[in-house]
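J.: If you're matching them up, the sequences are chains Z and W in order. Read in the numbering used here, the first sequence has 209 at position 209, and its numbers run on one by one without any break. Each number in the numbering used here comes from the position in the second sequence (counting from 1) with 1000 added on. Here it is, the structure, as structure tokens.
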Amino acid sequence: MTRRLTVAAILALLTVVFATRTGVKAQAPSGPVEAIVADEKGKPIEDAVVFLTPLGTTPAAPPSSTALMDQHDKEFVPYVLPVYVGTRVTFPNRDNIRHHVYSFSSAKKFELPLYIGTPAAPVVFDKPGVVALGCNIHDWMLAYIYVLTTPYFVKTAADGKARLEGLAPGAYEARVWHPRLRGDADKTGKPLPLAAGEPAQVSFVVSLKSEWRIPRKFVEPYRGS
Amino acid sequence: MIRTPEGYPSLIPPRRGGSVATVHFPKVRSFRSFRGQLVVVFVGLFAVILATCFLVVAAAVRANARSAINEELRLAGTLFVRQLEARSQQLLTATRLLSGDFALKTAAATADQATTRSVLANHRQRISADVLILLEPDGTIAADTRDPGHQGAAFPLPRLLEAAEQTGDVSQIAAMDGGLYRLAIVPLLAPDPIAWLCAGFAIDDRTAVDLRSVTNLHVSFFRRQEPGLVVQASTLDGADREELQRGLAGIRRDGVVQLAGQPHVVRVERISDDVAVVLQRPLAEALAANQGLFRTLFAVGGAGLILALLGAIVLARRTSRPVQALVGAAQHVAAGDFSATVSVRRRDELGELGTTFNAMLAGLRDRERVRAELQRAERLKRFFSPQLAELLSAGDESMLASHRREITVLFCDLRGFTAFAEKADPEDVMRLLRDYHTTVGALISRYEGTLERFTGDGLMVFFNDPVPCPDPAARAVQMAVAMRDGVQGLLDEWRRRGFALGFGTGVDMGYATVGRIGYEGRFDYAAIGTVTNLSARLCQEASDGQILVSQRVYAEVENLVEAEALGTLALRGFVRPLQAFSVLRLRAARPEAAPADARSRQPLSKDEGR
């Protein structure tokens, strides 16, 4: 309880600081935005990235940040990592074996040849787009880094829901992306006007493609032992 | 003299036809005869049954062989398809392995075209594939080991790519650019699909030969090309390929195709939409196993046919032989020969027929014999007394043999006949003789005398031979009286005309030798002995109207007649004088004295005659 209060206090402080520093006239934020993503059958979709783009204005770039893409038990964690463009992502290897992380995606082509521990230099994702991550020696390892041009994004939980708070009131366009999204994320846009202090809701019904992921069980039959 | 046109008639009845042996049968023609027909029908029926059995068995065997081959081909087809699938799976695995290569991924994702092609060429060798193609996710060719110029062109098998998109990967035999390939398409995952990797193995004649080792059957790959199938690879040589291709029209799954004049059972396995594999085997190979059966069948059938033929011939002979015998006998009968008999020793209808036929023949023979006897008797009666004629016609020739018998002999002749014959016209002489003979002839018949001879006006008659009678002397005397009376009436008429004619009679009795005398072709029945001479002398002694009898005769008939003794006569040629009697008339007639109808009397046996 005290912890949560502390977090809230820090967030409030940050907001104030942020507002003060950007010179934007301090203004009451909009209420929480609740996003729900489900497929055609109403099944909630996890790991969908809901992102809001303010209309008419260019959102102020957040200070450069870092993010983590762990490799744990021969899996990437998290499966989907949305980042603001320019974010530096480190790939710490928490397994006791090496991994060979690579991406041939046009948004970011890179390769971290077999390594243990955390590579010295983080990878900067400076182009928006989808970066599919793989491991050369573990075919089933698959993760996505979604590089966004807006700082307002959130990832849905297992119940398909996500919550976004502290946005300035105004006109936004809400969009959704998922690694298996059928079609273009840019075309999922929905206008979302946000009023000060008022909660908003946005829901997406999306269609997913089948997964190409190579099943792990066939590769590691003795995993349990 | 007794004259007969034929001399003494033979006592053996004449035959009109020849002997049995010489009767000619018409020759039996092979197939028109009853026997031939029987054999033909019997053997024909058997042959038809045999042929039917053979055809049925042959059809069953063929059907069996066909179904055995079909089953074999079906199994082989299943095995073959599985083999193909296994090979496809191998190819898929190899291709999938290849697609995991990081350098390939890297090259595909980042490097230039030349490098990508180079990697592909290198990797093609790794799995010994004939072709390796890298496809963009949208299906355009990114790189092709066959021809760099293919880059940018659309993949020729979009449906295969669709299938790969559906299922993740695909392996299939497909026709591509005029050739057949076993193709595997797998995604290039990095780790998202960034491209498709398509590996292909050409299917050519070598492949077919290689696959033949699996099933030991001829293998042909066909590509669908409207309106039919076109051979792409095969273990067959050129001419057979063409024939097979033509023969496949209209065969969906199983069928028979003529290759080089030999029927081949084929099975079509459709392994994809436009590719089919045809397995085949010569029907003769499967039928070869049944050759032994057919040989046995032929041998048994042939033996059966021969046995049936022999049996039919034997049966036909057994059946037709009595029929032919009956026909032959009937022909004898038709020719008038009733002597034949048929020998049919059977218990069936034919045997009955034979027995009946024999009975009929016996009846005919009896009738014929009776008829012949009657005829002969009629003839004989013209020359003999009815009794002799009957004896002769009954075939009793023993009478003709020379024998001694006591007989009563009567001689008579006309007095003055020689003078009359000289004076009178020959016509008158003949008329007189005819009337005279008619008169005495009737009496001889009536009294059953045996006319031994007549010479013009004289004649000799004896009794008790050859037919014995109980009273020969009485009969002779009675007949003599009857003759005298009958002839006197006749002579009266001629006397009135001026011809002095008289009638004298002599009768004696005694033993004489009687029988056939003469030579072959001319015989008489004659009596020789003193009795004939004495009666002739008595006749000579007799005057007109006088009946002279000897002492012995008179002793026999003295109760019947009135006579006067003439005392002792010295007759010429006789040493001892003879007591002679002249019969004047018969005593008052007793009913039994004169025989009634001669025919009513039964001839007596020789013993009774004594």
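Cβ coordinates follow ideal geometry from the N, Cα and C atoms, glycine included.
Confirm, please, whether the CB-CB distance from G160/Z to V77/Z is below 9 Å.
T.: Residue numbering aside, residue 77/Z sits at position 77 when the first sequence is read from its first letter. Residue numbering aside, residue 160/Z sits at position 160 when the first sequence is read from its first letter. No, the Cβ-Cβ distance between V77/Z and G160/Z is not below 9 Å.
J.: Are the Cβ atoms of A1076/W and R1267/W separated by less than 9 Å?
T.: Counted from its first residue, the second sequence places residue 1076/W at position 76. Counted from its first residue, the second sequence places residue 1267/W at position 267. Result yes, Cβ atoms of A1076/W and R1267/W sit closer than 9 Å.
J.: Determine whether the Cβ of A1143/W lies closer than 9 Å to any Cβ atom of chain Z.
T.: Here residue 1143/W refers to the residue found at position 143 when the second sequence is read from its first residue. Interface annotation, A1143/W: not in contact with chain Z, CB-CB separation never under 9 Å.
J.: Give me the Cβ distance between A1142/W and E1136/W, rounded to the nearest whole Å; I'm assuming they're in contact under 8 Å.
T.: Taking the second sequence and counting its residues from 1, one reaches residue 1142/W at position 142. Taking the second sequence and counting its residues from 1, one reaches residue 1136/W at position 136. About 5 Å; that satisfies the 8 Å criterion.
J.: Got a sec? Which residues, its chain only, sit under 8 Å from R1346/W by beta carbon, not counting five neighbours each side?
T.: On the second sequence, residue 1346/W is found 346 positions in, with the first residue counted as 1. Around R1346/W: P1322, G1354.
J.: Secondary structure at G1255/W, three-state DSSP: helix, strand or coil?
T.: In the second sequence, residue 1255/W corresponds to position 255, counting from 1. Correct three-state label for G1255/W: strand.
J.: Mind checking I214/Z: buried by the 16 CB within 10 Å criterion, or exposed?
T.: Working through the first sequence from its first residue, we reach residue 214/Z at position 214. So I214/Z ends up on the buried side.
J.: State the Cα-Cα distance for the pair G31/Z and A143/Z, rounded to the nearest angstrom.
T.: Sequence index remark: in the first sequence, residue 31/Z carries index 31 (1-based). Sequence index remark: in the first sequence, residue 143/Z carries index 143 (1-based). Between G31/Z and A143/Z, the C-alpha separation is close to 32 Å.
J.: Going straight from the alpha carbon of R1035/W to that of G1292/W, what length do you get?
T.: Working through the second sequence from its first residue, we reach residue 1035/W at position 35. Working through the second sequence from its first residue, we reach residue 1292/W at position 292. Each residue's Cα considered, the two are about 37 Å apart.
J.: By a C-beta neighbour count over all protein chains shown, 10 Å radius and 16 as the cutoff for buried, is Y1554/W buried or exposed?
T.: Residue numbering aside, residue 1554/W sits at position 554 when the second sequence is read from its first letter. The residue is buried, with at least 16 neighbouring Cβ atoms inside 10 Å.
J.: Would you kindly work out how many angstroms separate the C-alpha atoms of S1343/W and G1441/W, rounded to a whole number?
T.: The residue labelled residue 1343/W in the question sits at position 343 within the second sequence. The residue labelled residue 1441/W in the question sits at position 441 within the second sequence. Straight-line Cα distance between these residues: approximately 52 Å.
J.: Just reading off the beta strand (DSSP E) that W1494/W is part of, what are its end residues?
T.: Within the second sequence, residue 1494/W is the residue found at index 494, counting from 1. No beta strand (DSSP E) holds W1494/W; the alpha helix (DSSP H) holding it covers 1472-1496.
J.: I'd like the span of the alpha helix (DSSP H) that includes I1306/W, first residue to last.
T.: Position 306 of the second sequence, counted from the first residue, corresponds to residue 1306/W. Looking at the DSSP string, the run of the alpha helix (DSSP H) that includes I1306/W is 1291-1334.
J.: Beta carbon of T1140/W, beta carbon of F1155/W: below 9 Å?
T.: Mapped onto the second sequence, residue 1140/W falls at position 140. Mapped onto the second sequence, residue 1155/W falls at position 155. Yes, the Cβ-Cβ distance between T1140/W and F1155/W is below 9 Å.
J.: Can you name the residues of chain Z whose CB is closer than 8 Å to the CB of P1187/W?
T.: Here residue 1187/W refers to the residue found at position 187 of the second sequence. Correct list: W212.
J.: For the stretch 1191-1204 of chain W, which residues have a CB atom closer than 9 Å to at least one CB atom of chain Z, in sequence order?
T.: So the list reads P1191, D1192, P1193, I1194, given in the order they occur along the chain.
J.: 9 Å is my cut-off, CB to CB: does A1289/W come that close to chain Z?
T.: Residue numbering aside, residue 1289/W sits at position 289 when the second sequence is read from its first letter. Residue contact with chain Z for A1289/W: absent (no Cβ-Cβ distance below 9 Å to any residue of chain Z).
J.: In chain order, what residues of the same chain lie with their CB nearer than 6 Å to the CB of T22/Z, ignoring the 5 residues before and after it?
T.: Numbered from 1 along the first sequence, position 22 holds the residue referred to as residue 22/Z. Residue confidence is low: T22/Z scores 48 on pLDDT, short of 50, so the model does not pin down where it sits. Its coordinate-derived value is still stated next. Closer than 6 Å at the Cβ level, and outside the excluded window around T22/Z, lie A60.
J.: Does the beta-carbon of T1418/W have 16 or more other beta-carbons within 10 angstroms, so that it is buried, or is it exposed?
T.: Along the second sequence, read from residue 1 onward, the residue named residue 1418/W stands at position 418. T1418/W should be labelled exposed.
J.: What whole-angstrom Cβ distance do L164/Z and A28/Z have, given they're in contact under 8 Å?
T.: To locate residue 164/Z, count along the first sequence from 1; it is residue 164. To locate residue 28/Z, count along the first sequence from 1; it is residue 28. The Cβ separation is near 16 Å, so there is no contact.
J.: Under 9 Å, do P128/Z and A107/Z count as touching if we go by C-beta distance?
T.: Your numbering for residue 128/Z matches position 128 in the first sequence. Your numbering for residue 107/Z matches position 107 in the first sequence. A Cβ-Cβ contact shorter than 9 Å links P128/Z with A107/Z.
J.: Roughly how many angstroms separate the alpha carbons of A1335/W and F1499/W, rounded to a whole number?
T.: On the second sequence, residue 1335/W is found 335 positions in, with the first residue counted as 1. On the second sequence, residue 1499/W is found 499 positions in, with the first residue counted as 1. Cα to Cα, A1335/W sits roughly 60 Å from F1499/W.
J.: Which residues in the same chain have their Cβ closer than 8 Å to the Cβ of S105/Z, if we skip the five residues on either side of it in sequence?
T.: Translated into the one-based positions of the first sequence, residue 105/Z becomes position 105. The answer, listed in chain order, is G129, V130, V131, A132.
J.: Taking R1223/W as the reference, give the member of A1239/W, I1203/W, V1214/W, G1238/W with the closest Cα.
T.: Taking the second sequence and counting its residues from 1, the one referred to as residue 1223/W is at position 223. Cα-wise, what sits closest to R1223/W is I1203/W.
J.: By the criterion of Cβ-Cβ separation under 8 Å, what are the contact partners of A1111/W in chain Z?
T.: Counted from its first residue, the second sequence places residue 1111/W at position 111. Result: empty, since nearest Cβ-Cβ is about 11 Å, beyond 8 Å.
J.: Closer than 7 Å, Cβ to any Cβ of chain Z: which residues of the stretch 1125-1141 of chain W, in chain order?
T.: none
J.: Against chain Z, which members of the stretch 1077-1107 of chain W pass a CB distance test of less than 8 Å?
T.: Hits within the stretch, in order: G1100, F1102, K1105, T1106.
J.: Inspect the beta-carbon positions of F125/Z and R88/Z and report whether they are closer than 9 Å.
T.: Here residue 125/Z refers to the residue found at position 125 when the first sequence is read from its first residue. Here residue 88/Z refers to the residue found at position 88 when the first sequence is read from its first residue. Cβ distance < 9 Å, so F125/Z and R88/Z count as in contact.
J.: Within 10 angstroms of its Cβ, does D1177/W collect 16 or more other Cβ (buried), or is it exposed?
T.: Here the question's residue 1177/W lines up with position 177 in the second sequence. Flag for D1177/W reads exposed.
J.: How long is the line joining the alpha carbons of H1437/W and D1366/W, rounded to whole angstroms?
T.: Position 437 of the second sequence, counting from 1, holds the residue named residue 1437/W. Position 366 of the second sequence, counting from 1, holds the residue named residue 1366/W. Their backbone Cα atoms lie some 38 Å apart in a straight line.
J.: Could you spell out where the beta strand (DSSP E) holding Y1181/W opens and where it closes?
T.: Position 181 of the second sequence, counted from the start, is the residue given in the question as residue 1181/W. Where Y1181/W is concerned, the enclosing beta strand (DSSP E) stretches over 1179-1189.
J.: Does chain W have any CB closer than 9 Å to the CB of D39/Z?
T.: By 1-based counting over the first sequence, the position of residue 39/Z is 39. For D39/Z, the closest Cβ of chain W is not nearer than 9 Å.
J.: Please list the residues of the stretch 128-139 of chain Z that have a C-beta atom closer than 7 Å to any C-beta atom in chain W, keeping them in chain order.
T.: A132, G134, N136, D139
J.: Whose C-beta lies closer than 6 Å to the C-beta of V1131/W among residues of the same chain, with five residues either side of it excluded?
T.: Counting from one through the second sequence, the residue named residue 1131/W turns up at place 131. Once the five neighbours on either side are set aside, the close Cβ partners of V1131/W are T1145, R1146, G1200.
J.: Beta-carbon within less than 8 Å of A1359/W's beta-carbon, same chain only, minus the 5 sequence neighbours each way: which residues are those?
T.: Position 359 of the second sequence, counting from 1, holds the residue named residue 1359/W. The answer is none, since no qualifying residue turns up.
J.: So, is E1520/W buried or exposed, given that buried needs 16 or more other C-beta atoms within 10 angstroms?
T.: Taking the second sequence and counting its residues from 1, the one referred to as residue 1520/W is at position 520. So E1520/W ends up on the exposed side.
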